[in-house]
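Undergrad:
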Amino acid sequence: FDPGAATINLISAGAYDIYISKLDVSGNFLWAQRVGSTLSEYANSIALDASGNIFIMGDMYSSIADFDPGASVYNLTNIGTEAVFAAQYDNDGNFLCAFILGPGHNETYRNRHIALLGSDMYMVYSFDDASVDVDPCTPVVNLPYVGNSDIAVAKYDMSICPCNIVLAANIISFSAERSVNYVYTEWEIAYTDNFISYEVLRSADGEEYAALGVMNTDKMSFTDMEALSVLAYYKLRIINQQGNSIFSEVVSVQPQENSVITEIYPNPMSQQTTLEFDNSRKENHTLTLFNTQGQLVRSITDIKTGSIEIKRKKLTSGLYFFQLRTDTHLYAIGKLILQ
Numbered sequence: 009f010d011p012g013a014a015t016i017n018l019i020s021a022g023a024y025d026i027y028i029s030k031l032d033v034s035g036n037f038l039w040a041q042r043v044g045s046t047l048s049e050y051a052n053s054i055a056l057d058a059s060g061n062i063f064i065m066g067d068m069y070s071s072i073a074d075f076d077p078g079a080s081v082y083n084l085t086n087i088g089t090e091a092v093f094a095a096q097y098d099n100d101g102n103f104l105c106a107f108i109l110g111p112g113h114n115e116t117y118r119n120r121h122i123a124l125l126g127s128d129m130y131m132v133y134s135f136d137d138a139s140v141d142v143d144p145c146t147p148v149v150n151l152p153y154v155g156n157s158d159i160a161v162a163k164y165d166m167s168i169c170p171c172n173i174v175l176a177a178n179i180i181s182f183s184a185e186r187s188v189n190y191v192y193t194e195w196e197i198a199y200t201d202n203f204i205s206y207e208v209l210r211s212a213d214g215e216e217y218a219a220l221g222v223m224n225t226d227k228m229s230f231t232d233m234e235a236l237s238v239l240a241y242y243k244l245r246i247i248n249q250q251g252n253s254i255f256s257e258v259v260s261v262q263p264q265e266n267s268v269i270t271e272i273y274p275n276p277m278s279q280q281t282t283l284e285f286d287n288s289r290k291e292n293h294t295l296t297l298f299n300t301q302g303q304l305v306r307s308i309t310d311i312k313t314g315s316i317e318i319k320r321k322k323l324t325s326g327l328y329f330f331q332l333r334t335d336t337h338l339y340a341i342g343k344l345i346l347q
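In my numbering, the protein residues as written are 9 to 347.
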């Protein structure tokens, strides 16, 4: 590994091992290190931070491999056939940390790239198994898998390596739908174990956003009960345990063109109330009733008239929210109080 007169040999422990070598600006040899095991490990990408620390990532085929090139041992364990690893070394090649993303035969040798920004490491890699755990620590984090070879983008805080996942890209969908004076938002997330809360943001110009409400991770919807009468923009913010955030795509909601005749009386109700609305088109409607935790407590289907009777039955006193939908769109949203 020394391009000069001296001879510096590294001996492989097996089939294919990984080497890291450092030369000065003139090409003179400074040092070289080897990591690996009796089977094969491949290094696919390398990056340096502002302090000269070295970061590598690649594929591991061995069941156990030592990633400390020094006298100490730091083994990573792969319980499958192949997995992605990442490792960090200082400017002199001394081991700092390493972690593995597995389990199972879930990685291919394609698309392995890392980039650094401060103490954060960004990784892009392909995977072909739904069981891939992109969090090297607790909890298990699986990304949605469509088929063949999908691509994952993940961000890790290397200042607390190896327990360092910051946030993976995981918002499957976010939508907002207007009904009279309300806007109903809902979303779907790939996983929730690493999250603290969701936050719905609204803007009148698409530039300045204000938070409307903060929900815990048990809730996947939010109703803006004081919707703007003009064109409005909405987006979702997810906050994880480390205080980091990602945002959904922005969705726009058009102003309401025509008023919808919806009346519910009596409200507050005791034992029964009636919801009346314009159903001159004779469309089939469904009424759903939710408590303040967003849990569905009542569903009335196949409503073909413009009048619905809502009976108390086993509902307890308190505030409820109702939605009136057709098969194709949200018709009305409102509040119902039970005495």
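Just so it is clear, CB atoms sit at the ideal spot from N, CA and C, and this is done for glycine as well.
(1) Just checking, does the segment 75 to 95 make contact with the segment 148 to 159 on the three C-beta pairs under 8 Å criterion?
(2) Start and end of the beta strand (DSSP E) containing CYS105?
(3) Using three-state DSSP, classify MET68 as helix, strand or coil.
(4) Pull up the DSSP beta-bridge partners for VAL191, would you.
(5) Between GLY88 and the ligand ATP, is there a pair consisting of the residue's CB and a ligand heavy atom that are separated by less than 8 Å?
(6) If you draw a straight line from the alpha carbon of VAL238 to that of PRO263, how long is it in whole angstroms?
(7) Assuming the contact rule is C-beta atoms closer than 8 Å, PRO276 and ILE345 should be a hit. Round their C-beta distance to whole Å, please.
(8) Name, in chain order, the residues that DSSP records as bridge partners for VAL208.
(9) Could you give the distance in angstroms between the alpha-carbon of ILE54 and the alpha-carbon of ASN61?
(10) Using only the alpha-carbon positions, how far apart do ILE79 and SER34 sit?
(11) Quick one, are the C-beta atoms of ILE197 and MET233 less than 9 Å apart?
(12) Helix, strand or coil: which one does DSSP assign to ILE16?
(13) Return helix, strand or coil for ILE87, following the three-state DSSP convention.
(14) Given that a residue counts as buried once 16 or more other Cβ atoms are within 10 Å of its Cβ, and exposed if not, what is ASN36?
(15) Using only CA atoms, which one of HIS293, ASP67, LYS30 lies nearest to ALA348?
(16) Report the partner residues of GLY44 according to the DSSP bridge assignment.
(17) In terms of alpha-carbon separation, which member of ASP226, ASN83, CYS105, VAL305 lies closest to GLY326?
(18) Relative to the C-alpha of ASN17, which candidate in ARG42, ALA23, ASP310 has its C-alpha closest?
(19) Looking at the unbroken beta strand (DSSP E) that takes in ARG333, where does it start and where does it end?
(20) Short check: CB of ILE247 to CB of ILE204, under 9 Å?
(21) Leaving out five residues before and five after ALA219 in sequence, what residues of the same chain have Cβ atoms less than 6 Å from its Cβ?
(22) State the DSSP-derived secondary structure class of SER139, mapped to helix, strand or coil.
(23) Name the DSSP beta bridge partners of LEU346, please?
(24) Among VAL154, GLN303, ASP226, THR193, whose alpha-carbon lies nearest the alpha-carbon of VAL258?
(25) Would VAL261 pass as a contact of ARG186 if the rule is Cβ separation under 9 Å?
(26) How far does the beta strand (DSSP E) with LYS30 in it reach, from first residue to last?
(27) SER167 by DSSP, collapsed to three states: which one?
(28) Nearest to LYS319 by CA position, among ASP74, THR313, ILE308, is which residue?
(29) Under three-state DSSP, which class holds TYR153?
TA: According to the data block:
(1) no
(2) 103 to 109
(3) strand
(4) ARG186, ASP232
(5) Absence of the ligand ATP from the depicted structure is noted, as is the absence of any ligand whatsoever, leaving it without description.
(6) 5 Å
(7) 4 Å
(8) GLY221, LEU244
(9) 11 Å
(10) Reading the sequence as shown, one finds Ala at residue 79 and not Ile. Roughly 30 Å separates the two Cα atoms.
(11) no
(12) coil
(13) coil
(14) exposed
(15) A query on residue 348 cannot be resolved here, the shown segment of the chain reaching from 9 to 347 and no further.
(16) ASP74
(17) VAL305
(18) ARG42
(19) 326 to 333
(20) yes
(21) GLU207, LEU209
(22) coil
(23) MET277, GLY326
(24) THR193
(25) yes
(26) 26 to 31
(27) helix
(28) ILE308
(29) coil
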